[in-house]
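Have a look at the structure below before the remarks.
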Amino acid sequence: MPPTVWEEEIWSCLWCHAATHVGGEWFEISRPPYLPVGMRWEKAVADGLVSGVSHAFGIFDKTLCGIREAGMSPSDHWWLPEREDACGACREAARLIDDRWPRAMRGEDARVSVARRL
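Using my numbering, the letters of the sequence shown correspond one by one to residues 30 to 147.
In structure tokens form, the structure reads like this:
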């Protein structure tokens with residue numbers, strides 16, 4: 030069945046966390062460009078998270094270190110791995126994920142976007 034204006038999917042790689050957006054009004058297929066670790070994840074917000082520890086909001090409603098809480102969402106603020114309160118396990122996961130991003134795909138020219146109007 031052909032996609033409609035209202036359908037959009039986001040495919041996320043479990044290994045490198047790259048996201049590919051497919052669909053929407055322009056039936057766009059896009060992959061965002063590489064971003065440094067300190068600009069890639071928002072801080073996770075949820076009632077069940079321990080205060081005083083900053084976690085990175087990952088994919089599939091989990092932190093990078095694997096915590097899943099009901100109602101978890103990304104905040105409007107970056108998760109900064111260099112801060113003292115940053116979760117060590119999130120920091121390590123972010124480092125591993127960053128190492129997996131191919132060096133050849135880190136430039137601005139590496140962004141992929143193909144669109145056609147439905």
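We put the beta carbon where it would ideally sit given N, CA and C, even for glycine.
Residue nearest to residue i in terms of C-alpha spacing, selected from the options
i    : options              : result
H106 : G136, M68, C94       : M68
G52  : D127, P62, F86, I39  : I39
A99  : D76, A85, R120, D127 : D76
D90  : P103, V79, G81, L78  : P103
Inter-residue spacing [alpha-carbon to alpha-carbon] between residue i and residue j
i    : j    : result
R132 : G117 : 25 Å
P62  : C42  : 14 Å
S80  : R124 : 23 Å
T92  : D127 : 16 Å
E113 : I88  : 23 Å
W135 : E111 : Note on identity: in this sequence residue 135 is Arg, with Trp being the wrong assignment. So the alpha carbons of these two residues sit roughly 21 Å apart.
E37  : R120 : 31 Å
P65  : H46  : 13 Å
M101 : L78  : 9 Å
Other residues of its chain near residue i: CB distance less than 6 Å, five sequence neighbours each side excluded
i    : result
L109 : G67
A115 : S83
I96  : none
Close beta carbons around residue i, own chain, < 7 Å, minus the five adjacent residues each side
i    : result
W44  : R129
A122 : L93, C94
Own chain partners of residue i with C-beta closer than 8 Å, once the 5 adjacent residues on each side are dropped
i   : result
E71 : A85, F86, P103, S104, D105, H106, W107, W108
Chain C contact for residue i (CB, 8 Å cutoff)
i   : result
T49 : Here chain C cannot be found, since the structure has a single protein chain.
**Prompt:** Considering only residues of the stretch 38 to 116, which uninterrupted alpha helix (DSSP H) runs meet the minimum length of 4 residues and lie entirely inside it, listed in chain order?
**Reply:** List check, alpha helix (DSSP H) in window: nothing returned.
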